[in-house]
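Numbering (the UniProt record's numbering), first residue to last: 1 to 141.
Where is the CB? At the ideal position from N, CA and C, for every residue including glycine.
Computed from a predicted model, the values in this text were never measured in an experiment.
And the structure:
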């Protein structure tokens with residue numbers, strides 16, 4: 001018998017499995033884009049309470065809006081907005097050469113989750129850029 005998430009009463013693994021199936025994207029391709037193995041992804045289908053950060057990333061990969069299944073996602077998780085670039089200055093100090101800044105401290109669990117999602121997206125973007133660079137470098141040899 002499948003267990004349900006106690007808070008929401010739904011099985012998140014079943015929802016993501018159905019969404020992947022409906023997207024038409026192969027499970028292997030989805031797993032590769034998420035940076036996990038197919039086996040790990042299949043194991044996620046069995047989990048009833050998958051982290052929302054994982055569900056959001058999966059939604060980006062398969063181009064699916066999970067706020068339909070999880071309405072609170074659209075209200076609590078904000079998309080990362082690019083910050084405006086500071087004008088170039090003539091001094092030679094870099095951002096990290098100035099006075100040390102106070103580290104960001106989230107006030108509650110929602111802010112922690114948002115910060116985690118933001119950092120995860122940055123990390124994945126960095127990995128994708130690194131992989132592209134590796135491919136370009138290996139083709140040039």
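Coarse secondary structure for residue i, derived from DSSP in three states
| i | result |
| --- | --- |
| residue 173 | Absent from the structure is residue 173, since the part of the chain shown begins at 1 and ends at 141. |
| residue 49 | coil |
| residue 105 | coil |
| residue 78 | Any answer about residue 78 is weak, because its pLDDT of 46 lies below 50 and its placement is not dependable; what the coordinates show is given next. DSSP places residue 78 in coil when its eight states are reduced to three. |
Span of the alpha helix (DSSP H), counted from its first residue to its last, around residue i
| i | result |
| --- | --- |
| residue 46 | 38-46 |
| residue 70 | From DSSP, residue 70 is part of no alpha helix (DSSP H); its letter is neither H nor E. |
| residue 21 | 12-23 |
| residue 138 | 109-140 |
| residue 28 | 27-34 |
Whether residue i touches residue j by CB criterion (7 Å)
| i | j | result |
| --- | --- | --- |
| residue 24 | residue 45 | no |
| residue 53 | residue 116 | yes |
| residue 48 | residue 11 | yes |
| residue 69 | residue 15 | yes |
Distance between beta carbons of residue j and residue i, contact taken as under 8 Å
| i | j | result |
| --- | --- | --- |
| residue 19 | residue 64 | 5 Å |
| residue 61 | residue 34 | 6 Å |
Below 8 Å, can you find three or more Cβ-Cβ pairs linking the stretch 113-122 to the stretch 46-65? Counting Cβ pairs under 8 Å, three or more are found: they touch.
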